[in-house]
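*Asks:* Chains as they are written, first to last, in my numbering: chain A, 275 to 567; chain B, 522 to 928. Here a beta-carbon is modelled for each residue, glycine too, at the ideal position from N, C-alpha and C. Could you have a look at this structure, given as structure tokens, before my questions?
Encoded structure:
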């Protein structure tokens, strides 16, 4: 029923906006992955599980302690980020001298364990989490829920702030230097291992933040991250592993592309991102914004 | 292996020497082996999963309390991950190597259709509780399969009829893009059109999906009065949640959940789910027998209440055991199914019923409405009964299915 020509401009605007909204989740998640990979060379497969933990933590704060959404928005990234720091200290830090693959296997295994534990405790159907910003506004071409607008705004703000922090501040330059030559940076009296640990915690905190943002609109269930993480990895690969701005732009861009696919050929909307990934890998293996390593 | 065999021989000898009736019975391997296959980890695992395994074990326990069970009855289970290739491999292994006699449950229609074929080839028994597609008793029917709890036709018949009668004439479908979604959409569209309604559009979403906003926007722009959700489990939960967010109901459109389980309502919460109308075969709070079963189920399953799928597994296994014990044999799958069809069904959860020639189990279906938060008296008190659809009208007339077994 929706032929290419048959799509009204209103429908198109609506889908573009929705794509942007979904893209903001991709951007926020792929940003965390890119930060961790760019600065630590660890492919963090636990990212999806940490996103899920963020959503569950928001639910737990509300139901066990009575802390509402806005409090969770601040507390959850700190709490889940702290668990990330523990994971880095206890497990990941032991693998730095080995090949990347070991880190990948470890984090993938951790993700399975975490998802299994949550599934055991809470089942698979998910938990209800009510929308803190009900209602919305009619834009003429579509109904924009306030909550979705808020998601785009906060995600853009966090993405840009992170980019600024890493690419434009002194702290960021230390981080980048420590990636290139950890020994030299250490010689200048900077505690590189601690910086790496905090970086991981920060990346995990970003995933948890995305989880809190997702709780009111997606079903809060143990596999919510597993469904998303593969797409997010594709986003990171397309953007260029480790490129901060690349993952932000690609996240939003692919969200829009996916949104358009949902209008013109909905059956392919799960696949389109991977088709793009395959094409990018053939033509530009380092990714759209990446530099060859 | 030899050790195992000799042990079994010893056990058989022991059984013989006890002079039990089982001495004459011809059970392959000396054991009735029931394989519960379903989703143990993914989006359908709460509505089937370990709960179905528990229900199968419970059926054996109850059956053996009421009758003398001389034979070894065993339950094995496996996770098909909602993938037909994985399900087929498991079932082949079960039939060929592990000597499983009957496969039960199997949600996800694409997997069930695959198991349906293999079961016929191997002449075993397949009792479907979880899968929905009415093709299992239609063009894909076999002498070895019984479709127990519900199907796409009965859901469509119950829900769509009720909605069209109250004025919901124009429909738009949001359909999960695989065998089940297509069947549910097809059967519902037929009911809608027959009742004088119209289908104004549809969109097929990948399975499983996460974000439904694009599809909901298309549904919104179609101006249809009713948005029919031809999906299940997590997909339905996410669709309903996001429909609330995008003001679907506020814009004058209504949702029709075409397949909703009590676990979905629990996950949505009454605030979001209230007013939803749908059809089910079984609800835990309908009579004392159901409540007693649910109480035991809850104690063993983290306080959850059983779904109709899990209750159906109990009922199906009970009837299977009756037939096998009457025949004193479980080797010939088609013969067991024929016996099951000849014998009227009777158990504490589904009451009295029957099984048709095409493999369709017949019982009443129920149209439920989700209570408002104020009406609910406690946890899991979610449904009020809107209508009972009598057994004779609840399922597709046998002549319309196109099942080759029906002459």
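(1) Quick check: the Cα distance between residue 557 (chain A) and residue 892 (chain B), rounded to an integer number of angstroms?
(2) Is it buried or exposed for residue 865 (chain B), if we count other Cβ within 10 angstroms and need 16 for buried?
(3) On the three-state DSSP scale, how would you describe residue 840 (chain B)?
(4) Got a sec? Which residues, its chain only, sit under 6 angstroms from residue 660 (chain B) by beta carbon, not counting five neighbours each side?
(5) Contact criterion: CB-CB distance below 7 angstroms. Does residue 330 (chain A) meet it with respect to chain B?
(6) Check each candidate in B:683, B:877 and B:810 and name the one with the smallest Cα separation from residue 658 (chain B).
(7) Could you tell me whether any Cβ in chain B is nearer than 7 angstroms to the Cβ of residue 512 (chain A)?
(8) For residue 908 (chain B), which of B:688, B:601, B:684 and B:609 has the nearest alpha-carbon?
(9) Using a C-beta to C-beta distance shorter than 8 angstroms, which residues of chain B count as neighbours of residue 387 (chain A)?
(10) Residue range of the beta strand (DSSP E) that residue 692 (chain B) falls in?
(11) Please name the residue in B:863, B:881 and B:616 whose C-alpha comes closest to that of residue 844 (chain B).
(12) So, under 8 angstroms CB-CB, residue 735 (chain B) and residue 750 (chain B) are touching, yes? Tell me the CB distance rounded to an integer number of Å.
(13) Counting only the same chain and skipping the five closest in sequence on each side, list residues whose C-beta sits under 7 angstroms from that of residue 481 (chain A).
(14) Using a C-beta cutoff of 7 angstroms, does residue 429 (chain A) count as contacting chain B?
(15) Residues in the stretch 417 to 428 of chain A with C-beta within 7 angstroms of chain B's C-beta atoms, listed in sequence order?
(16) With burial defined as no fewer than 16 other Cβ atoms inside 10 Å of the residue's Cβ, what is the status of residue 635 (chain B): buried or exposed?
(17) Would you verify that the beta carbon of residue 718 (chain B) is, or is not, closer than 7 angstroms to some beta carbon of chain A?
(18) Output needed for residue 726 (chain B): all residues of its chain with C-beta closer than 8 angstroms, excluding positions within five of it in sequence on either side, in chain order.
(19) Could you check which residue in A:472, A:502, A:474 and A:473 has the C-alpha nearest to that of residue 485 (chain A)?
(20) Just to make sure I have the definition right: I need the residues of chain A whose C-beta is within less than 8 angstroms of the C-beta of residue 874 (chain B). Which are they?
(21) So for residue 743 (chain B), helix, strand or coil by DSSP?
(22) Verify whether the separation of the beta carbon atoms of residue 693 (chain B) and residue 666 (chain B) is less than 7 angstroms.
(23) Just checking: is the beta-carbon of residue 342 (chain A) within a distance shorter than 7 angstroms of some beta-carbon in chain B?
(24) I'd like to confirm the pairing. Which residues does DSSP put opposite residue 417 (chain A) in its beta bridges?
(25) Note down, one range per segment and in chain order, each alpha helix (DSSP H) of at least 4 residues found wholly within the stretch 337 to 371 of chain A.
(26) Just list the alpha helix (DSSP H) runs in the stretch 763 to 823 of chain B, keeping only unbroken ones of 4 residues or longer that don't cross its boundaries, in chain order.
(27) At the level of alpha carbons, what is the spacing between residue 916 (chain B) and residue 676 (chain B)?
(28) Nearest to residue 802 (chain B) by alpha carbon, out of B:668, B:572, B:566 and B:622?
(29) Can you give the Cα-Cα distance for residue 402 (chain A) and residue 370 (chain A), rounded to whole angstroms?
(30) Quick one, which residues of the stretch 558 to 588 of chain B are near chain A if we go by CB-CB under 9 angstroms, in chain order?
(31) Can you grab the Cα-Cα spacing for the pair residue 920 (chain B) / residue 846 (chain B), in whole Å?
(32) Please compile the residues from chain A whose C-beta is within a distance smaller than 8 angstroms of the C-beta of residue 470 (chain B).
(33) Between the stretch 384 to 397 of chain A and the stretch 505 to 514 of chain A, do at least 3 Cβ pairs fall closer than 8 angstroms?
(34) Can you round the beta-carbon distance between residue 632 (chain B) and residue 586 (chain B) to whole angstroms, since I take them to be within the 8 angstroms contact cut?
(35) Could you check whether residue 799 (chain B) and residue 778 (chain B) sit closer than 7 angstroms to each other, using their CB atoms as the reference points?
(36) Evaluate residue 310 (chain A) with the Cβ neighbour count: other Cβ atoms within 10 Å of its Cβ, from every protein chain shown; 16 or more gives buried, anything less gives exposed.
*Replies:* Looking at the coordinates:
(1) Going by the C-alpha atoms only, they are around 56 angstroms apart.
(2) With fewer than 16 other Cβ atoms within 10 Å, it is exposed.
(3) In the structure shown, residue 840 (chain B) sits in a helix (DSSP, three-state: H, G or I).
(4) The residues are 923.
(5) It does not; no Cβ of chain B falls within 7 angstroms.
(6) Selected option, being the one with the closest Cα: B:877.
(7) Judged by the 7 angstroms Cβ criterion, residue 512 (chain A) is not in contact with chain B.
(8) Considering only alpha carbons, the answer is B:684.
(9) Among the residues of chain B, none has a CB under 8 angstroms from the CB of residue 387 (chain A); the nearest is roughly 13 angstroms distant.
(10) For residue 692 (chain B), the enclosing beta strand (DSSP E) stretches over residues 691 to 697.
(11) If we check each option's Cα against that of residue 844 (chain B), B:863 comes out closest.
(12) The C-beta distance from residue 735 (chain B) to residue 750 (chain B) rounds to 15 angstroms, too long to meet the 8 angstroms contact threshold.
(13) Within the same chain, residue 481 (chain A) has close Cβ partners 303, 306, 321, 324, 325 and 328.
(14) No, residue 429 (chain A) does not count as interfacial toward chain B.
(15) Cβ contacts with chain B: 417, 419 and 421.
(16) The residue in question, residue 635 (chain B), is buried, as its Cβ has 16 or more Cβ neighbours within 10 Å.
(17) No, residue 718 (chain B) does not count as interfacial toward chain A.
(18) Only 695, 696, 697, 698, 733, 736, 752 and 756 meet the Cβ criterion.
(19) Of the residues A:472, A:502, A:474 and A:473, the one whose Cα lies closest to the Cα of residue 485 (chain A) is A:502.
(20) Ordered by position in chain A, no residue passes the 8 angstroms Cβ test against residue 874 (chain B), which lies about 29 angstroms from the chain.
(21) When secondary structure is reduced to three states using DSSP, residue 743 (chain B) falls in the coil class, being assigned neither helix nor strand.
(22) Going by C-beta atoms, residue 693 (chain B) is not nearer than 7 angstroms to residue 666 (chain B).
(23) Output row for residue 342 (chain A): interface = no.
(24) Its beta-bridge partners are A:412.
(25) You should have 343 to 364.
(26) The alpha helix (DSSP H) runs of length 4 or more contained entirely in the stretch 763 to 823 of chain B are, from start to end of the chain, 783 to 789, 791 to 794 and 809 to 821.
(27) Cα to Cα, residue 916 (chain B) sits roughly 9 angstroms from residue 676 (chain B).
(28) Per the Cα distances, B:668.
(29) Computed Cα separation, rounded: 40 angstroms.
(30) Listed in sequence order: 560, 562, 563, 564, 565, 566, 567, 568 and 570.
(31) Whole-angstrom Cα-Cα distance: 32 angstroms.
(32) What is shown of chain B runs 522 to 928, which leaves residue 470 (chain B) out entirely.
(33) Touching, no, given that fewer than three Cβ pairs across the two stretches are closer than 8 angstroms.
(34) Taking 8 angstroms as the upper bound for CB-CB distance, residue 632 (chain B) and residue 586 (chain B) are not in contact here, some 33 angstroms apart.
(35) Remark: C-beta atoms of residue 778 (chain B) and residue 799 (chain B) approach each other more closely than 7 angstroms.
(36) Flag for residue 310 (chain A) reads buried.
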